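Student: One structure is given below, represented as structure tokens, and several questions about it will come after.
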Amino acid sequence: MILNKVYIEDVFTFLDKLEDKSVDLAIIDPPYNLKIASWDSFKNDEEFLTFSYAWIDKMLPKIKDTGSFYIFNTPFNCALFLAYLCQKKAHFLNFITWVKKMGLPTPRSVITTRKKAFYFIACTRKTTPLMPMKCAPLMNPPNASSMLKVRGF
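In terms of my numbering, the sequence shown opens at residue 19 and continues consecutively.
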């Protein structure tokens, strides 16, 4: 891989090319499942979570022991990813809200004026700039069935 180069390709193909423990920092802005474009549309929430957990599982081994990663998504999806990543022993450091001054609010939501992200460090990192939040162990990571119950469907 060439450093400081933008690669435009399928996430799974790209991650397969990377060596394990070779990434210092990953900034990830995956699909949000908002169904506003073909690349962001899934048949159902279960398919979205299956896809999301698959790229997370492929990405985690690529992060160096001293590495970090940020993931952007909706607040709801961030919560699901947070629970899943805690099961994978990633260390949560911070939940970030990026307020976009030029964003356009909608009548029902402020989602277009704010972007959510969370910051993790690799599971074996010895020192951290902030004290990591301890994640309570879950018996089962979130799946589509539990997600639909939370949403009230």
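All C-beta atoms in this analysis are idealised placements derived from N, C-alpha and C, irrespective of residue type, glycine included.
Values in this document were obtained by computation on a predicted structure and should not be read as measured data.
I believe V41 touches I74 by the beta-carbon criterion, under 8 Å. Please report the beta-carbon distance rounded to the nearest angstrom.
Tutor: Residue mapping note: residue 41 aligns to position 23 of the sequence shown, counting from 1. Residue mapping note: residue 74 aligns to position 56 of the sequence shown, counting from 1. 13 Å between Cβ atoms; not a contact.
Student: Rank M77, T115, D83 and S56 by C-alpha distance to the C-alpha of L36 and give the top, closest one.
Tutor: To locate residue 36, count along the sequence shown from 1; it is residue 18. Of M77, T115, D83 and S56, the residue nearest in Cα terms is M77.
Student: Pick helix, strand or coil for T92, following the three-state DSSP scheme.
Tutor: Sequence index remark: in the sequence shown, residue 92 carries index 74 (1-based). Correct three-state label for T92: coil.
Student: Counting Cβ pairs, one atom from each stretch, are 3 or more of them under 8 Å apart for the stretch 55-65 and the stretch 86-93?
Tutor: No contact exists between the stretch 55-65 and the stretch 86-93.
Student: Quick one: residues in its chain with C-beta nearer than 6 Å to the C-beta of D47, no 5 flanking neighbours on either side, listed in chain order?
Tutor: Along the sequence shown, read from residue 1 onward, the residue named residue 47 stands at position 29. Cβ neighbours of D47 beyond the five flanking positions: F90.
Student: One question on the structure: do S70 and P49 come within less than 9 Å of each other, judged by their Cβ atoms?
Tutor: Translated into positions along the sequence shown, residue 70 becomes position 52. Translated into positions along the sequence shown, residue 49 becomes position 31. Cβ distance < 9 Å, so S70 and P49 count as in contact.
Student: Going by Cα to Cα distance, which pick from A72, T115, T84 and I114 is closest to I103?
Tutor: Indexing the sequence shown from 1 puts residue 103 at position 85. Before going on, a small fix: residue 103 reads as Leu here, not Ile. Cα-wise, what sits closest to L103 is A72.
Student: Between L15 and A101, what straight-line distance do the alpha-carbon atoms span, to the nearest angstrom?
Tutor: The structure shown does not extend to residue 15, since the chain spans only 19 to 171, so no value can be given for it.
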